[in-house]
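Numbering (the UniProt record's numbering), first residue to last: 1 to 57.
And the structure:
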């Protein structure tokens, strides 16, 4: 996934825009191929951006 993000950024997208583009593609694929919805979620979630916990000490 990092390679895809880097390629999208090389084409002029910001990192946030690249992740959004991938999310749109994932949702499109899930709509067109509903039988693979769970597999697509697992694939994209595994390689998606990591969410760090935000806390106040």
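We put the CB at the ideal spot given by N, CA and C, even for glycine. Computed from a predicted model, the values in this text were never measured in an experiment.
Residue i (DSSP reduced to helix, strand or coil)
{"i": "residue 28", "result": "helix"}
{"i": "residue 35", "result": "helix"}
{"i": "residue 40", "result": "helix"}
Residue range of the unbroken alpha helix (DSSP H) whose run includes residue i
{"i": "residue 8", "result": "2-10"}
Cβ neighbours of residue i in the same chain (closer than 7 Å, five flanking residues each side left out)
{"i": "residue 61", "result": "Not covered by the structure: residue 61. The range shown for the chain is 1 to 57."}
Buried or exposed by the 16-neighbour rule on C-beta atoms within 10 Å, applied to residue i
{"i": "residue 53", "result": "Caution applies to residue 53, whose pLDDT of 43 falls short of 50 and renders its modelled position unreliable; the model cannot decide the point."}
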